[in-house]
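If you read the sequences in order, they're chains A and B.
The first sequence lines up with residues 60 to 263 when you count with my numbering.
The second sequence lines up with residues 99 to 290 when you count with my numbering.
Below is one structure, written out as structure tokens; comments come after it.
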Amino acid sequence: MMAWVTDYPLLAALLALVGLGAPFGALLGFAAVRFRAEGNPIADEINAILPQTQCGQCGFPGCRPYAEAIAGGEAINKCPPGGEATIQALADLLDVEAPPLDAEHGEEKVKTVAYIREDECIGCTKCIQACPVDAILGAAKQMHTVIASECTGCDLCVEPCPVDCIDMLPLEESLQTWHWQLPAPRSNNLEIIATDSVTAERAA
Amino acid sequence: MLADYSILLIGAILVNNFVLVQFLGLCPFMGVSNKLETAMGMSMATTFVLTLASACSHLTYHLLLQPLGLEYLRTISFILVIAVVVQFTEMVVRKSSPLLHRVLGVYLPLITTNCAVLGVALLNINKDHSFMQALFYGFGAALGFALVLILFAAMRERLAVADVPEPFRGPAIGMVTAGLMSLAFMGFAGLV
């Protein structure tokens, strides 16, 4: 055996690599069949980026179905609650150009939270049925109220209210929602070279 | 016995830190350190794969290449072993634990190109480690990588909001920071 290896070193090397590669390939092939995963991992990642308002403004019944539609090739600019930031994140993930928001599905607004003027509420439960995230509490002929931390600000409860007692209030900044502002670029006309300012002064 | 292994671990984590002292695996160090969360995911995935790949390549070398007198094939064989280990781990994790896959999943394929993994495998051969030593050396190298990656990511999160002069923003200040961290880690020289 050893003599054969020293007599034909090139052939031995080739055989060793093939001998290493073939079982590995077989192992991976076996694993691909044995450990086949269900579900579409890219749809999971898209779903994680979408704002989870479940508002249906994109024309799909919720964020998860829209994420699956995007994975299948749907346009990425149909989500008004997410706005430009979501489109940009989706474009980065899918490695495509970021198109502007499709105005057909609505415009980007400041984040809001629903507020029920409770003395006007007649307890009709229509807003409870409309809420996609079950953030409205109440029973028939009882006053309703909104769980503010659960409300996604999707506007869907405003339309069905027969006495128009639901307001969409802008979300107040709290310790949980506050973000450190990124430093703004100081100015666009930076004086990189000392002579730049001199010529600018002369021109002025 | 125990002292030997702890010296091996501390040596790999602090004294001969793979990123900041031996300058291996700089690509993921700069690339995935923008957010603390992703850095943690990457650290966990690397720890897992590095330990496993270190042991597997040690076995390949001593059970296949050395008996056949084909030591010169070690680099290409190790690359093969690492790629297979990474792919196989990803498939198994995806099936067996979707939660772990969500944490590690995105970063696992990236590790194939992490040169620290190949570096550990080759250094094991150079230093003539036994199987257990190779296992501990790989684990220590991974812990060292995780330590500096998480520290660096935490610093870069602060740097992103700091008032840095405009020409230094982004990767430039990251490089400066990495250099200073490297200087600090050089101070561990002579500890073991």
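We put the beta carbon where it would ideally sit given N, CA and C, even for glycine.
All values reported here derive from a predicted model rather than from experimental measurement.
Interface flag for I105 (chain B) against chain A is unset, since no Cβ pair is found closer than 8 angstroms. Within the same chain, Cβ atoms closer than 6 angstroms to the Cβ of G121 (chain A) are found at Q113, the five residues on either side in sequence being excluded.
By the C-beta density criterion, Y67 (chain A) is exposed, having fewer than 16 other C-beta atoms within 10 angstroms. Within chain A, not a single residue places a beta-carbon under 7 angstroms from that of S141 (chain B); the smallest gap is close to 20 angstroms.
Restricting attention to A:V77, A:T204 and A:W237, the CA atom closest to the CA of I174 (chain B) is found in A:V77. Nearest Cα to I206 (chain A) within the set A:A194, A:H238 and A:E231: A:A194. In the structure shown, the three-state DSSP call for Y205 (chain B) is coil. Taking C-alpha positions only, E255 (chain B) is separated from L100 (chain B) by approximately 38 angstroms. By the 16-neighbour rule on beta-carbons within 10 angstroms, S195 (chain B) is exposed. Collapsing the DSSP output to three states places Y67 (chain A) in coil.
Contact check for V147 (chain B) and V215 (chain B): beta-carbon distance about 7 angstroms, within the 8 angstroms limit, so the pair qualifies.
Shown here, V172 (chain A) sits in a strand according to DSSP, grouped into three states. About 5 angstroms separates the CB atoms of T149 (chain B) and G236 (chain B); that is less than 8 angstroms, so the two are in contact.
DSSP places P120 (chain A) outside both helix and strand once states are collapsed to three, so it counts as coil. The Cβ of W239 (chain A) sits closer than 8 angstroms to at least one Cβ of chain B.
The C-alpha of A199 (chain A) lies about 23 angstroms from the C-alpha of T211 (chain A). Within the segment 78 to 95 of chain A, contact with chain B at the beta-carbon level (separation under 7 angstroms) is assigned to L79, G80, F83, L86, L87, A90, A91 and F94. Apart from the 5 residues on each side of it in sequence, Q231 (chain B) sits with its Cβ closer than 7 angstroms to the Cβ of L106 in its chain, given in chain order. Secondary structure of V183 (chain B) (DSSP, three-state): helix. Your pair L163 (chain B) and L171 (chain B) checks out as a contact, with CB atoms roughly 6 angstroms apart and the cut at 8 angstroms. When rounded, the separation of the alpha-carbon atoms in C154 (chain B) and P100 (chain A) is 29 angstroms. Sorting B:E169, B:F121, B:Y103 and B:I177 by C-alpha distance to the C-alpha of L281 (chain B) places B:F121 at the top.
Per DSSP, P140 (chain A) is not a residue of any beta strand (DSSP E), being assigned neither H nor E. Contact between the segment 109 to 116 of chain B and the segment 240 to 258 of chain B is present: three or more C-beta pairs spanning the two stretches fall below 8 angstroms.
With fewer than 16 other Cβ atoms inside 10 Å of its own Cβ, C125 (chain B) counts as exposed.
Nearest C-alpha to P159 (chain A) among A:T171, A:G115 and A:A144: A:A144. Contact residues of the segment 148 to 159 of chain B toward chain A are T158 (C-beta to C-beta distance below 8 angstroms).
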